Every structure is written in structure tokens, then in C-alpha cells.
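In the numbering used here, the protein residues as written are 12 to 402. Where a beta carbon is used, it is the ideal one built from N, C-alpha and C, also for glycine. Keep in mind it's a predicted model, so treat the numbers as computed, not measured.
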Amino acid sequence: ALGASITVALVIAAPVIAAFLDQPRMVPLVKVSALAIAFGSLGSVHVALLSKQIDFRTQAIAGGVAALLSIVVALTLALAGSGVWALVWQAIVMSAAQTIMLWWLHPWRPATVFQIGSLRRLGSFSVYHLGSTLLEAFYVRLYALLLGRGFGAMTVGYYSNADAIRSLPSSFIGGLVGRVALPMFSAEAADPLRLRRGLQLSLRVSMLLNAPLMLGGVALSDPLVEVLLGRQWSPASPLVQILCLAGVFFPLHLLNLQALMARGYANLMFRLEMAKKLVGIALLFAGIPFGATGVAWSQVAFSLVAVIINVHYTRQFLRYGMKEQLWDCAAPVFASSVAAVVAFLVNTQWATPALFRLLSLSALGAIVYVSLLLLMRAKVVGEAVALWSGR
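Okay, structure coming up:
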């Protein structure tokens, strides 16, 4: 019901949003994009049940199939010249395919009776959590309003598309890791030592995926933008690089918050979000005079501030501070940095078609990345294999 309400509200508000930005062509984009919310809400209960069971594999299968289908659709539409519509339909296909897979893989089906008592049991914990979510939603939309007012719709388009490209991997990783981490952390919340171990494992495994994808985006932003959006959107390429840099340590931000949630500190989390968003808005206003590039760099600064604040409280409650967390991230970050440099240097010397460069250099980067991890005997590789196999 909540997903349907948000979808309807977004459809109704589409003309207002387009009028505010003086861009009538945005009306159909906003309306169609709302379908992703509707489809996603239909699978939310399945996700919650699988998370409660700590069923990582089923969620990974559903998300992986959906991601593969959505990427195929996005690439096909992009090559056909659909421009920004490729990203719109990528989000819709991702949401719909994931929901279909969840319904197919999990037996739960909704009842026909609505229980008002379920709402009462949510309590203040959910109120604080909802408040944190709404703050995040407001903050991530604010840049579009400010850029649109100050620099016009074209600048908003460059930034929005760059952010959408950056969000492709981080949304999948963040959603999957977040849904799995919270119930796992909650089960260990009474034992700080076991909770810390769970946080360490989650952090290492999530960085194993996130670091190469984000740094790969930094290295291969040119062919990535050309393939997904077309050559006319090439000014978005530097923005993709900056925003991917901001997303490298996203798992630290997410998982430290999940650990606080597991300990029942939803009120503290809400206060943290309030403080961070005030800092983020200040940084945003500082970056606005420099256009989209300034806003992108403000996101890099904000990501660092957010991680420092979150880790501060994790150090207090779990004795797991910044130094220890950065050390746990060291192997994936180092290996992916080397792989990204190799891919970037080769990319600057090639004049081949963008799609060929993107695929071949992604494969080259992956080979370098995995080889370095194996040479370093990084234990996160074994941990990831064990987690996937259910051992």
C-alpha cells in the first residue's frame, strides 16, 4: 500500500516537478520511473522474510538475474539511441525482474486481511527508521532542485545520469548487503564480540565487490557513458569519476549504521542522520557555485564525513574503529586500485569502439584484481566463497 501511494504521488507530482525545472519533457520520465517503486514494493515482504532467515543465496540469485536482465535492456536501448530512457527502463526492469524472481523462489503469498495491530507493534523504532529514510530521500533529491535553478536542465541531466550510472552497482550491493546484514547483526546484538566479527566479515565481503566496481567506474567512465548514454552525454564522464570515488567506501557507511540499528539505537541513528544531513547541505551549498563538478566533489567530502561520524560510534560500542576498518578494507582497495590504473592506462591508448573497450578492459581489470587477491592470499576470498556456499 505504501509503495502504491508513493507511486501515485510521484505520478501526480510529475508536472509540478517538470514545471519547477522548466523542463516539460521530464513529465513522462518521472511518471514512467515511478513504476520501479510500484514493482519493488511487491517484493518487499519476500526480501524481509529472506533477510530474517539470513538467506543470502536466494536474494543474490534474484538480484543477480534482475541485474543481468536490466543491464541487457539498458545496453540494448542505449545502442538503439534511446538516451536517458535506457536508464529509466533499466531501473524498471531491475525492480520488476527482482520481484518476479522473489515470488518464484519464495512461497510466501499475501493474505487478504489487513491487520491494524501490526502497525502498533512497529513502535518508535520504525518511526525513527522512517525518519532517517525520509531525510536521506530529501537530501539526495535536493541537488537536482539547486542545480536546476542555478544552471538549467542540461546540467541536471549530466549530473543525474552520472549519479544513475554510479548507483547501478552500489544500489544492488547496498540493498543486498543491508538486507542481509541487519538480521545477522540483530541475532548477535547481545554479544558485542560476535557482532563485531559479523561486522568485520560483512565489511570485507562487501568491499570485495564494491571497491572494484567503483574504481572501475573511475577508470572506464568514458566508454561507460558512451555505451549507456551515447556520445552526446560525454560531459557526464568526469562526474561519473568523481561520484564513483565518493562511493568507494559506501559499505563502511551502510554497515556501521546497520550495526547501530541491530543494537536498537534507532534514535541515535536518526540524530546522526540529522547531523550528517546538515553537514551535507552545507557542503552542497559550498559546491553549488562551481556547478555540477562542485556538487560532485561535495559528495566526496560528505561521504568521508559520514563514515567518520558513523565509525566513531561503532568504535565506542564495539571497539572497532577507523584504523581497524580501513585495515579490513585494505586488500580489496589495493587490488582494485592497481586494476583500475591498468585499465585506465590501456584505455587512454586505445581508439577502439566504446563497447569493445568497456568489455575487454573490464575483463582485464577483473583478471588483474583477482590475481592480486590470490597472490596476497587475502582471506576475504575464502570468506566470500564460504558465505556463498552456505558454510
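Under the three-state DSSP convention, the category residue i falls into
{"i": "Gly-298", "result": "helix"}
{"i": "Trp-423", "result": "Lying before the first or after the last residue shown, residue 423 is absent from the chain, which here runs from 12 to 402."}
{"i": "Arg-259", "result": "For clarity, residue 259 is Val in the given sequence; the question names Arg instead. Three-state result, Val-259: coil."}
{"i": "Trp-338", "result": "helix"}
{"i": "Tyr-276", "result": "coil"}
{"i": "Pro-35", "result": "coil"}
{"i": "Ala-155", "result": "helix"}
{"i": "Ser-178", "result": "helix"}
{"i": "Trp-119", "result": "coil"}
{"i": "Gly-393", "result": "helix"}
{"i": "Lys-42", "result": "helix"}
{"i": "Arg-330", "result": "coil"}
{"i": "Val-95", "result": "coil"}
{"i": "Arg-388", "result": "coil"}
{"i": "Leu-240", "result": "coil"}
{"i": "Leu-250", "result": "helix"}
{"i": "Leu-53", "result": "coil"}
{"i": "Gly-161", "result": "helix"}
CA-to-CA distance, residue j to residue i, given in whole angstroms
{"i": "Gly-168", "j": "Ala-273", "result": "38 Å"}
{"i": "Pro-249", "j": "Ala-365", "result": "16 Å"}
{"i": "Asp-233", "j": "Asp-202", "result": "47 Å"}
{"i": "Ala-45", "j": "Leu-21", "result": "6 Å"}
{"i": "Leu-271", "j": "Val-316", "result": "17 Å"}
{"i": "Leu-177", "j": "Arg-36", "result": "The sequence given here places Arg at residue 177; Leu does not occur at that position. C-alpha separation (whole angstroms): 24 Å."}
{"i": "Val-95", "j": "Leu-240", "result": "6 Å"}
{"i": "Cys-255", "j": "Leu-372", "result": "17 Å"}
{"i": "Leu-113", "j": "Ile-82", "result": "19 Å"}
{"i": "Ser-16", "j": "Val-27", "result": "17 Å"}
{"i": "Ser-135", "j": "Leu-279", "result": "Any reading at Ser-135 needs caution, since the residue's pLDDT is 49, under 50, leaving its predicted position unreliable; the model's value is listed next. The alpha-carbon atoms of Ser-135 and Leu-279 are separated by roughly 12 Å."}
{"i": "Met-385", "j": "Val-379", "result": "The amino acid occupying residue 385 in the given sequence is Leu; Met does not appear at that position. For Leu-385 and Val-379, the distance between alpha carbons rounds to 10 Å."}
{"i": "His-323", "j": "Leu-79", "result": "37 Å"}
{"i": "Ala-351", "j": "Ala-230", "result": "5 Å"}
{"i": "Ala-257", "j": "Ser-93", "result": "28 Å"}
{"i": "Phe-281", "j": "Leu-356", "result": "43 Å"}
{"i": "Glu-335", "j": "Leu-204", "result": "14 Å"}
{"i": "Ala-397", "j": "Gly-302", "result": "46 Å"}
{"i": "Trp-308", "j": "Lys-287", "result": "16 Å"}
{"i": "Val-76", "j": "Ala-108", "result": "8 Å"}
{"i": "Ala-173", "j": "Ala-247", "result": "6 Å"}
{"i": "Arg-242", "j": "Ala-362", "result": "14 Å"}
{"i": "Ile-253", "j": "Arg-388", "result": "31 Å"}
{"i": "Arg-368", "j": "Arg-120", "result": "45 Å"}
{"i": "Tyr-170", "j": "Tyr-331", "result": "35 Å"}
{"i": "Leu-289", "j": "Ala-155", "result": "17 Å"}
{"i": "Val-99", "j": "Gly-185", "result": "20 Å"}
{"i": "Pro-223", "j": "Leu-90", "result": "25 Å"}
{"i": "Thr-325", "j": "Gly-275", "result": "13 Å"}
{"i": "Ala-97", "j": "Asn-358", "result": "24 Å"}
{"i": "Ile-103", "j": "Trp-244", "result": "21 Å"}
{"i": "Lys-390", "j": "Val-318", "result": "24 Å"}
Sub-8 Å separation of residue i and residue j beta-carbons
{"i": "Thr-18", "j": "Gly-54", "result": "no"}
{"i": "Arg-215", "j": "Glu-394", "result": "yes"}
{"i": "Asn-221", "j": "Phe-261", "result": "yes"}
{"i": "Leu-226", "j": "Val-251", "result": "no"}
{"i": "Met-218", "j": "Val-344", "result": "yes"}
{"i": "Ala-47", "j": "Val-38", "result": "no"}
{"i": "Leu-383", "j": "Ala-346", "result": "yes"}
{"i": "Ser-314", "j": "His-264", "result": "yes"}
{"i": "Val-238", "j": "Leu-375", "result": "no"}
{"i": "Leu-329", "j": "Leu-206", "result": "yes"}
{"i": "Leu-294", "j": "Ile-320", "result": "no"}
{"i": "Ala-71", "j": "Leu-116", "result": "no"}
Opening and closing residue of the alpha helix (DSSP H) in which residue i lies
{"i": "Leu-212", "result": "203-230"}
Contact with chain C by residue i, beta-carbon distance below 8 Å
{"i": "Arg-326", "result": "In the structure shown, chain C does not exist; there is a single protein chain."}
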